[in-house]
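**Student:** I have a structure I would like to understand better, so I am pasting it below and will then ask my questions one at a time.
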Amino acid sequence: MESLLADVVAALAALAAAALILITIVAHITATKMPNFHRHEEERFFVNAEGKKESIPSIHDPPTKELSVVVPSYNEEDRLPLMMDEALDYLEKRQKRDPAFTYEVIVVDDGSKDQTAKVAMKYCKKYGSDKVRVLTLVKNRGKGGAVRMGVFSCRGGKILMADADGATKFADIEKVEEGLRNLQPWPNQMAIACGSRAHLEQDSIAQRSYFRTLLMYGFHFLVWFLCVKEIRDTQCGFKLLTREAASRTFSALHIERWAFDVELLYIAQRLKIPIAEVAVNWTEIDGSKLVPFWSWLQMGRDLLFIRLRYLTGAWRLETSKSN
Numbered sequence: 001m002e003s004l005l006a007d008v009v010a011a012l013a014a015l016a017a018a019a020l021i022l023i024t025i026v027a028h029i030t031a032t033k034m035p036n037f038h039r040h041e042e043e044r045f046f047v048n049a050e051g052k053k054e055s056i057p058s059i060h061d062p063p064t065k066e067l068s069v070v071v072p073s074y075n076e077e078d079r080l081p082l083m084m085d086e087a088l089d090y091l092e093k094r095q096k097r098d099p100a101f102t103y104e105v106i107v108v109d110d111g112s113k114d115q116t117a118k119v120a121m122k123y124c125k126k127y128g129s130d131k132v133r134v135l136t137l138v139k140n141r142g143k144g145g146a147v148r149m150g151v152f153s154c155r156g157g158k159i160l161m162a163d164a165d166g167a168t169k170f171a172d173i174e175k176v177e178e179g180l181r182n183l184q185p186w187p188n189q190m191a192i193a194c195g196s197r198a199h200l201e202q203d204s205i206a207q208r209s210y211f212r213t214l215l216m217y218g219f220h221f222l223v224w225f226l227c228v229k230e231i232r233d234t235q236c237g238f239k240l241l242t243r244e245a246a247s248r249t250f251s252a253l254h255i256e257r258w259a260f261d262v263e264l265l266y267i268a269q270r271l272k273i274p275i276a277e278v279a280v281n282w283t284e285i286d287g288s289k290l291v292p293f294w295s296w297l298q299m300g301r302d303l304l305f306i307r308l309r310y311l312t313g314a315w316r317l318e319t320s321k322s323n
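Mind the numbering: the sequence shown is residues 1 to 323 in the UniProt record's numbering, read in order.
Spelled out as structure tokens, the structure:
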């Protein structure tokens, strides 16, 4: 009996090893060696408040604003106004207190099928295209792809990623700014401060089903085991980066959908960019595009592929300028 059990265990171990080798080979063979920076001709311009086309600036140009806010938006006509009202109210009041403070908000319409671009353009017309710009992508790239296109088109010395749902109170930018300052001196002017909901985890568990809680813990374990060990909440969409850190990390980014945050922080850790995790206020807003089971499954696959592709050298930390 013991001999049979040992044989079964050995067979299962051999099967698991063979499966891992096969997955590693597939991950390596199917990897796109360099990130895809292609920008369609229509994406090289934005429409200003007067309805005229203007060329989009580059992350590789010197900064001309203190802060850029990049808002990835896919079918967000209903949720975007609340976020934009709150953000612009804060930014305008801050500028009145400190006239030296300059900012821009870039709404990246990620191939939406609704009126997201029209809603965003109303703010462009109200505040002017020097403060609010709408970048319309020809087709949906995914959240990571939309953020990257916004980052590559910004003028800020610091760049904030902010979700269109407004789940994080915009005034909490002051918390992540303090987190960024506390990391000084920044090596090569690179640093990242991540908003975090980890302190709210116990309260959120009480409102979730056992299945969603299990998925959440499984995802957290995979992130910790495979990619990022020092950050408890990698998925909060409220992250502040110095311009140099944004240029370096997003130039090496491959993942364009939900797991892009994990690869971004994995790259940052590999490059020894200092990272702060800062608690922020967060409220769950209805209308999430994330489908619990299938999105988590896709993210789990992406996490495994991130690890295996960097481990096997299919992906390397090289940079190239955006096209």
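For every residue, glycine included, the Cβ atom is placed at its ideal position computed from N, Cα and C.
Cα-Cα, which of I231, F305, V107, T249 is closest to L317?
**Tutor:** T249
**Student:** Taking the DSSP output, what are the residues bridged to V134?
**Tutor:** According to the DSSP secondary-structure assignment, V134 is paired through a beta bridge with V107.
**Student:** Tell me whether H254 is buried or exposed, calling it buried when 16 or more other Cβ atoms sit within 10 Å of its Cβ.
**Tutor:** buried
**Student:** Closer than 6 Å by C-beta to A206: which residues in its own chain qualify, once you throw out the five before and the five after it? Chain order, please.
**Tutor:** Low confidence applies to A206: its pLDDT is 41, below 50, so where it sits in the model is not reliable, and the reading given next is rough at best. So the list is empty, once near-sequence residues are dropped.
**Student:** For the putative contact between L160 and L240, defined by C-beta atoms under 8 Å, what is the C-beta separation to the nearest angstrom?
**Tutor:** Taking C-beta atoms under 8 Å as the contact rule, L160 and L240 qualify, at a distance of about 5 Å.
**Student:** Does the distance from the CB of Y103 to the CB of L67 come in under 8 Å?
**Tutor:** Between Y103 and L67, the CB-CB gap stays under 8 Å.
**Student:** Kindly indicate which residue of I273, H40, E42 has the alpha-carbon position closest to the one of L180.
**Tutor:** Proximity to L180 across I273, H40, E42 peaks at I273, based on C-alpha coordinates.
**Student:** Who pairs with F45 in a beta bridge, going by DSSP?
**Tutor:** S55
**Student:** In angstroms, rounded to a whole number, what distance separates the CA positions of G128 and M149?
**Tutor:** 21 Å
**Student:** Decide if the segment 49–56 is in contact with the segment 86–101; the criterion is three or more beta carbon pairs, one per stretch, under 8 Å apart.
**Tutor:** no
**Student:** Go to V71, then tell me how far its beta strand (DSSP E) extends in each direction, as first and last residue.
**Tutor:** 65–73
**Student:** Would DSSP call I205 helix, strand or coil?
**Tutor:** Any answer about I205 is weak, because its pLDDT of 41 lies below 50 and its placement is not dependable; what the coordinates show is given next. Helix, per DSSP.
**Student:** Helix, strand or coil, according to DSSP, for C236 in the structure here?
**Tutor:** coil
**Student:** Would you mind working out which of T136, V134, T116, K65 sits nearest A100, comparing C-alpha positions?
**Tutor:** K65
**Student:** Do R243 and G144 count as a contact pair if the criterion is CB distance below 8 Å?
**Tutor:** no
**Student:** Using 10 angstroms around the beta-carbon of K125, count the other beta-carbons present and answer buried if the total reaches 16, otherwise exposed.
**Tutor:** exposed
**Student:** According to DSSP, is G218 part of a helix, a strand, or is it coil?
**Tutor:** helix
**Student:** Excluding the five sequence neighbours on either side, which residues of its own chain have a C-beta within less than 8 Å of the C-beta of D110, listed in chain order?
**Tutor:** Cβ-Cβ distances below 8 Å link D110 to P72, S73, Y74, L137, N140, R141, G142, K143, G145, A146 in the same chain, with the five nearest sequence neighbours on each side left out; the list follows chain order.
**Student:** Out of G157, D78, A252, which has the shortest C-alpha to C-alpha gap to K118?
**Tutor:** D78
**Student:** What three-state label does DSSP hand V223 in the structure shown?
**Tutor:** In the structure shown, V223 sits in a helix (DSSP, three-state: H, G or I).
**Student:** Check D278 in the structure and name its three-state DSSP category.
**Tutor:** Note on identity: in this sequence residue 278 is Val, with Asp being the wrong assignment. Strand.
**Student:** Could you tell me the distance, in whole angstroms, from the CA atom of D302 to the CA atom of R309?
**Tutor:** 10 Å
**Student:** Give the range of the beta strand (DSSP E) segment to which A193 is assigned.
**Tutor:** 192–196
**Student:** Could you give the residue range of the alpha helix (DSSP H) that holds I173?
**Tutor:** For I173, the enclosing alpha helix (DSSP H) has its first and last residue at 173–181.
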